[in-house]
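Sequential numbering from 752 applies to the sequence shown in my numbering. Here a beta-carbon is modelled for each residue, glycine too, at the ideal position from N, C-alpha and C.
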Amino acid sequence: YMGHAGFLIESDACALMVDPVIATCTEDNADKTYSYADLPERIDYLCLTHNHADHVNLESLLQLRHKVGKVLVPKNNGGSLADPSLRLLLTQLGFQTTEVDDLEEFALPDGRLVSIPFLGEHGDLHIRSKSAWFFELQGKKIYAGADSSNLEPRMYKMLHDFTGDLDVLAIGME
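See below:
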């Protein structure tokens, strides 16, 4: 856990990050904050949940650019003012960026990652650019979601049917 909604997930074969916001280390927080020096040399996939500054932090992303293989972002509605395209923005900044649809799966050397639809902030607006992430690495199952506002138990039952039991559930509730 890297703070707020950020996660670094590593196995022997790959490194994955979710919503990195790399804090500045000070004497007061040095024992509980990760810095750029703590990160692996390469981050194979960087997964972003949605386009808010506390999840897509450009200052952190630009400093990670040389380490990142591919950035995965949620599919967009076409780049409206209310739902700007993360793919276009990050591609312009030099990232190899792929826009993913719900339940799109990517093979990893020792597992898989899947984009999971989630109901979160601005559920009543025409904004599609939101995704949670499911990782299965070396037999461990991790779900990373952010800013969910869904309290409907049936959704989590359906999610469980898809993922099975999880080893780590990281979900921020609005």
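Residue i burial status per 10 Å Cβ neighbour count (16 or more: buried)
| i | result |
| --- | --- |
| F869 | buried |
| G862 | buried |
| D733 | This structure cannot settle anything about residue 733, because the visible part of the chain is limited to 752 through 925. |
| K908 | exposed |
| P825 | buried |
| G820 | exposed |
| Y752 | exposed |
| R838 | buried |
| D912 | exposed |
| L841 | buried |
Residue i and residue j closer than 8 Å at C-beta
| i | j | result |
| --- | --- | --- |
| I794 | S786 | no |
| D852 | S866 | yes |
| P860 | C798 | no |
| T849 | L823 | yes |
| S882 | N802 | no |
| L844 | L815 | no |
| W884 | L910 | no |
Inter-residue CB distance, residue i and residue j (contact presumed, cutoff 8 Å)
| i | j | result |
| --- | --- | --- |
| F886 | L767 | 6 Å |
| D805 | H755 | 6 Å |
| F758 | A858 | Not confirmed; about 20 Å, so no contact. |
| Q889 | S811 | No, Q889 and S811 are not in contact; Cβ-Cβ is about 27 Å, not under 8 Å. |
Inset, instruction - Kindly confirm or deny that the segment 821-841 and the segment 908-920 touch, where touching means at least three C-beta pairs closer than 8 Å. - result: no
Legend entry - Contiguous alpha helix (DSSP H) assignments of at least 4 residues, all confined to the segment 779-833: Taking only runs of at least 4 residues, the alpha helix (DSSP H) segments lying wholly in the segment 779-833 are 809-815.
Inset, instruction - Give, in chain order, every unbroken run of the beta strand (DSSP E) that is at least 3 residues long and sits entirely within the segment 843-898. - result: With a minimum length of 3 residues, the continuous beta strand (DSSP E) runs that stay inside the segment 843-898 are 848-851, 856-859, 862-867 and 883-888.
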